[in-house]
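Read through the structure below, which is laid out as structure tokens, and then see the notes.
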């Protein structure tokens, strides 16, 4: 092997190690975000916070780590082009509020879940999948976090809970809506849902 060949292999090896290390760092980042969000809901210092205040703080923790627009845009899919720019912005904002409200209210009255991250798998070019288990009320759930590398860094584009893709589930509901409805109708529907006192992960668009 020539010196230059050896040097090329060395550089390639270092790049691969750096890539693996960068991917593994995403597990720490994801675990940190999950723990921070749960701390808002379950910390003894936050018992006096209102539901709206908890939702605002949870959103702050999520958005400090990931761009929520990525997963929402992925869920909306081709329907994105069926809305004008103002409708797009409003739908993004309303869906964020709806998802976070459902998350916080879905845990209301329940013990803090235990979430453990598992194996990280590369599933495509610049795409990884992180396995996790969640123990909630003595039941164990299996959840996959799917991330892709973008200009803004690694972003979550889908979450698969018990073999059900959150993005695909929402996309199916939004597809159904746009078969007869418009962007304006979707905004009205989202506002109606947000006005409800009780919503959870089973709430349908």
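In my numbering, the protein residues as written are 3 to 207. Each residue gets a CB set at the ideal place from its N, CA and C atoms; glycine is no exception.
How would you label residue i, buried or exposed, when you count the other beta carbons within 10 angstroms and need 16 or more for buried?
i: residue 153; result: exposed
i: residue 16; result: Residue placement at residue 16 is flagged as unreliable, the pLDDT there being 44, under the threshold of 50; a coordinate-derived value is accordingly withheld.
i: residue 91; result: exposed
i: residue 88; result: exposed
i: residue 66; result: exposed
i: residue 168; result: buried
i: residue 197; result: exposed
i: residue 185; result: buried
i: residue 36; result: buried
i: residue 125; result: exposed
i: residue 143; result: exposed
i: residue 97; result: buried
i: residue 53; result: exposed
i: residue 56; result: buried
The alpha helix (DSSP H) spanning residue i covers which residue range?
i: residue 174; result: 168-180
i: residue 189; result: 185-197
i: residue 2; result: Given a span of 3 to 207 for the chain in the structure shown, any question on residue 2 remains unanswerable.
i: residue 77; result: 70-78
i: residue 85; result: No alpha helix (DSSP H) holds residue 85; DSSP gives it neither H nor E.
On the three-state DSSP scale, how would you describe residue i?
i: residue 119; result: strand
i: residue 41; result: helix
i: residue 17; result: Caution is warranted here: a pLDDT of 46 is assigned to residue 17, below 50, making its placement in the model unreliable, and the coordinate value is therefore given only provisionally. If DSSP states are grouped into helix, strand and coil, residue 17 belongs with the helices.
i: residue 114; result: coil
i: residue 109; result: coil
i: residue 205; result: coil
i: residue 200; result: coil
Below 8 Å on the Cβ atoms is my contact criterion, and I expect residue i with residue j to pass it. Report the Cβ-Cβ distance as a whole number of Å.
i: residue 137; j: residue 115; result: 6 Å
i: residue 149; j: residue 28; result: 6 Å
i: residue 175; j: residue 207; result: 4 Å
In the DSSP assignment, find the unbroken beta strand (DSSP E) run with residue i in it and report its ends.
i: residue 144; result: 141-152
i: residue 160; result: 155-163
i: residue 50; result: Neither: residue 50 is in no beta strand (DSSP E) and is coded neither H nor E.
Specify whether the region 46-58 and the region 127-141 touch according to this definition: at least 3 beta carbon pairs, one from each stretch, less than 8 Å apart. no
Check whether the region 74-82 touches the region 103-110, counting contact only when three or more Cβ pairs, one atom from each stretch, lie closer than 8 Å. no
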